[in-house]
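Here the sequence shown is numbered in my numbering, starting from -1 and rising by one per residue. Built from N, CA and C at the ideal position, the CB exists for glycine as well.
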Amino acid sequence: MRLILMGPPGAGKGTQARYVAARFGVPAISTGDIFRVNVSQGTELGVEAKRYMDAGEYVPDEITNKMVRNRIDEPDAAPGFLLDGYPRTLAQVEELDGMIKFTGHALDAVVVLTVDRDELVQRLLQRAKTEGRADDTEEVIRRRQEVYAEQTAPLLDVYAERGKLVEVDGMGEVGQVTSRVFAALEAASGATAG
Ligand code: AMP
């Protein structure tokens, strides 16, 4: 299974990614998480990425693509993977196409979680209290939403044209959303979950 989980900041990608990846027996690969680990460890990559993350901007494609390529090359991702937060730009879409093609496989589906704008802001402000992420301040949240609308939302059309897009209502309880994701994936591909 090769899946992408998309949606604006606060849509619940990270939470759902864990359940969906577990269901299909593939690793959930979150570029945001990998960046945050690097930031906390003070690696060269982390120092570079932090400048962009703290401002709510995207880390440059070159850096992000290389990181994902290395991660996908690891043995646990050989049977497949679920990408959370990647791709986010058209350049990343092209790069990912190349990576998947190289392995001789195909992308199965792109799940997009849709959530009302007000609910997104509420969730992010709540997360700011519980997780203390440096980029969950009101100003940076606003910038991240803008960057998503400008650079990432257009990717939905690209995947829709390819017939890969699976839209899922991301409002409500975590468990309900997970059930909807499973049902939508099964309906979309007749996928047999392992
Ligand atoms: P996330 O945890 O997915 O919200 O990502 C947190 C931050 O990491 C983003 O606001 C970006 O600064 C950076 N980031 C994560 N994924 C990407 C990506 N695919 N391309 C560029 N920057 C990214």
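Residue i classed as buried or exposed, judged by whether at least 16 other C-beta atoms fall within 10 angstroms
i, result
"residue 7", "buried"
"residue 166", "buried"
"residue 128", "exposed"
"residue 187", "exposed"
"residue 90", "buried"
"residue 107", "buried"
"residue 178", "buried"
"residue 41", "exposed"
"residue 19", "buried"
"residue 168", "buried"
"residue 175", "buried"
"residue 184", "exposed"
"residue 38", "exposed"
"residue 148", "exposed"
Three-state secondary structure assigned by DSSP to residue i
i, result
"residue 0", "strand"
"residue 89", "helix"
"residue 133", "coil"
"residue 167", "strand"
"residue 156", "helix"
"residue 67", "helix"
"residue 113", "coil"
"residue 119", "helix"
"residue 18", "helix"
"residue 151", "helix"
"residue 175", "helix"
"residue 47", "helix"
"residue 82", "strand"
"residue 57", "coil"
"residue 35", "helix"
"residue 9", "coil"
"residue 145", "helix"
Identity of the residue in the options nearest residue i by Cα
i, options, result
"residue 146", "1, 9, 71 and -1", "9"
"residue 30", "132, 182 and 154", "132"
"residue 173", "1, 15, 0 and 4", "15"
"residue 26", "82, 124, 67 and 77", "82"
"residue 104", "33, 181, 79 and 72", "79"
"residue 72", "101, 50, 47 and 120", "101"
"residue -1", "46, 20, 5 and 24", "24"
"residue 70", "119, 20, 35 and 1", "1"
"residue 171", "84, 152 and 121", "121"
"residue 137", "150, 123 and 84", "123"
"residue 59", "157, 139, 86 and 74", "86"
"residue 28", "130, 149 and 67", "67"
"residue 152", "76, 116, 36 and 88", "88"
Residue i CB to nearest heavy atom of ligand 3 below 7 Å
i, result
"residue 28", "As presented, the structure is devoid of ligand 3, carrying ligand 1 as its sole ligands."
(message) When you compare the segment 138 to 152 with the segment 43 to 55, are there three or more beta-carbon pairs, one atom per stretch, that lie closer than 8 Å?
(response) yes
(message) Does the structure place the segment 9 to 29 close enough to the segment 101 to 114 that three or more beta carbon pairs sit under 8 Å?
(response) yes
(request) Report yes or no: do three or more beta-carbon pairs, one from the segment 63 to 72 and one from the segment 92 to 100, lie closer than 8 Å? (result) yes
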